[in-house]
Structure formats: C-alpha cells, structure tokens
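Okay, so here's the structure we're looking at.
In the working numbering, the protein residues as written are 28 to 312.
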C-alpha cells in the first residue's frame, strides 16, 4: 500500500536493520534506503528490505549514479537499479549532483562539478533520459564540497536551478550541506536557499558533521544535528511547506533508540516550522 511521505524519516542502516524488521513499529515517518546495498543480493537482506517496505513508507536514495561523469551510467547498472526500485515501490529516486566515477574507476567520493554551461547541458540531458529509462521521477541532491574545480562560470544556485529547469527533475535539498558549504566558503546559507527554485524540492536531508582543528567543517554524517542546522531547517521548511525530511547517520551510528529520540526532536522542530509558516501566511492574507 502506498502512503504519502511526510514528516521526519531515518536512513535505514544495517546496524539496526533487524530491529526495524522484527521489532515493534517505530515512530518514524519513513525510511530511506540506498538500493545499491541490496541490488543483486540474495538471501536475508533483500527479504528483510521487503519486510521493511511492508511496515513503513520507503524512498530510495542512490550513491553511484555519478550524474556529472563524462560516461553515462552502465546499462547493466540501470537495469538492475530499475528492478530494485520497482521492488521497493519508491515514489521517486534520488542521487547526487556530482561525479564519482572516471571511466570504469569508482572514486568512492562525491566530487563537485565545474559550474559551467557544458555541465548543465550534460547533466540535464542525462537526468531526462534516466527518468525515461527508469520510468520514475528523479531528484538530485546538492553536495558538500571543499574546493571548486576550475573557475566557476555561474553561481552554484544558478547552476542547480538551470539543471532543474532543463531536466524537469526535483531537488533533494540537503540543508546540512548548504550550512557546511556556507561556513567553509563564506556565504549566507539563507540567501543561497532563497535563491533556489524551492517549488522543485521533493525532500530535505539533515545530518551532523565534524569540525577539524583548522576550522574546516567535514560532512561526516557521524554526529547529532547541531542547533544552527536545525534553525536552517526551520527557515527552509517555512518556505517549502510539508516535504519529507530525512535524518542521515552513516558513521558512529548509535543505538536505534537514540536515533529515534533525535528523529522525535526534529519532528517537533518540523511541526513548529510548519505552524510558523501557516501563521506567516495568515498574517500576510
């Protein structure tokens, strides 16, 4: 049974997969899964994911499509991905606005693209035919980055907006990535978010990070979400309205009970932001 995605969800990790499969129903709006972790597997893991899909709404988020690479994704990868997305019955699929492959080499990192018209055209064309191939809406995620490859031809927000306009895909807006980039590169995260076409946002991501001794902030997904990022989430939700929010935790993963406490706190912040949005809209009427 399909259920509408809304509220605060959690990234499904193998650290607590058995609890989600066999334990009591948890107070979480949905789970997000990376299909690459299940594609081509047999045995317990795909069966466990089927059980999760029976119990909770699920959406998929990819890791290896490498939207900005010179070479397109391999045909076999897209075929296997399509099978997995159909099995999970996700309402859309998302991946990152980056490159993570070079020919047959997998780079195991999400690397930024040069902000130029050539990349706008290539990524837009690729998103269009991938959506046609998968027969499913696509969303792309803004990434965190630590250096720009080459002199930018346009601001990042314009780069993202142009791809969204030309491809017709949605935006998975990672609020933590915006905050991390703003701190590292010295710009206003609020102004950046307001310059995006927020009507195209299908989902939000939020996560924790780590600050090095030099002051550089690294997007680790390995710590609780800090208050300034929650405040930026509030700012964003007041502008997007009720889109699903996903808590990511990939490193130093604590017990599921601790993660669910953080989900509950984020849900309260999300609900407050939506209430403030309604108050602001009523006051402007």
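No residue lacks a Cβ here, since even glycine has one placed at the ideal position from N, Cα and C. Since this is a predicted model, take the numbers as computed values, not measurements.
ask   = What first and last residue would you give for the alpha helix (DSSP H) that runs through residue 105?
value = Taken as a continuous stretch (DSSP letters only), the alpha helix (DSSP H) holding residue 105 covers 102–115.
request  = Using the Cα positions of residue 107 and residue 73, report the straight-line distance between them to the nearest angstrom.
outcome  = The alpha-carbon of residue 107 is positioned some 13 angstroms away from that of residue 73.
task = Report the rounded CA-to-CA distance for residue 257 versus residue 181, giving the unit in angstroms.
result = For residue 257 and residue 181, the gap between their C-alpha atoms comes out near 29 angstroms.
ask   = Quick one, which of 64, 286, 219 has its alpha-carbon nearest residue 249's?
value = If we check each option's Cα against that of residue 249, 286 comes out closest.
ask   = For residue 58, which beta-bridge partners are listed by DSSP?
value = 37, 85.
ask   = Going by beta carbon distance, what residues of the same chain come within less than 6 angstroms of residue 29, once the five residues before and after it are set aside?
value = With a pLDDT of only 43 at residue 29, under the threshold of 50, the placement of this residue in the model should not be trusted, and no figure is reported.
Residues of its chain near residue 301, where Cβ-Cβ distance is below 7 angstroms and the 5 sequence neighbours each way are ignored = Excluding residues within five positions, the ones whose Cβ falls inside 7 angstroms are 264, 269.
From 119, 109, 195, 111, residue whose alpha carbon lies closest to that of residue 148 = Ranking 119, 109, 195, 111 by CA distance to the CA of residue 148 puts 195 first.
Neighbourhood of residue 190 by C-beta distance below 6 angstroms, restricted to the same chain and skipping five residues each side = Correct list, in chain order: 147, 150, 151.
request  = Less than 8 angstroms between the CB atoms is what I'm expecting for residue 228 and residue 35, so what's the real figure, rounded?
outcome  = Contact doesn't hold; Cβ gap of about 15 angstroms is too wide.
Exposure of residue 166, with buried meaning 16 or more beta-carbon neighbours within 10 Å = Around the CB of residue 166, 16 or more other CB atoms lie within 10 Å, so the residue is classed as buried.
query = Would residue 102 be called buried (16 or more neighbouring beta carbons within 10 Å of its own) or exposed?
reply = Exposed, because fewer than 16 other Cβ atoms sit within 10 Å of the Cβ of residue 102.
message = Please report the straight-line C-alpha distance between residue 169 and residue 140, rounded to a whole angstrom.
response = Going by C-alpha positions, residue 169 is about 11 angstroms away from residue 140.
request  = Give me whichever residues DSSP pairs with residue 230 in a beta bridge.
outcome  = BP columns for residue 230 point to 199.
inquiry  = With a threshold of 8 angstroms on Cβ separation, who are the neighbours of residue 131 within its own chain once the five nearest residues in sequence on each side are excluded?
reply    = Closer than 8 angstroms at the Cβ level, and outside the excluded window around residue 131, lies no residue.
ask   = Which residue or residues does DSSP assign as beta-bridge partners of residue 121?
value = 88, 166, per the DSSP bridge assignment.
message = Between the region 202–222 and the region 56–72, can you find at least three pairs of beta-carbon atoms closer than 8 angstroms?
response = Taking 8 angstroms as the limit for Cβ pairs, the verdict is that the region 202–222 does not touch the region 56–72.
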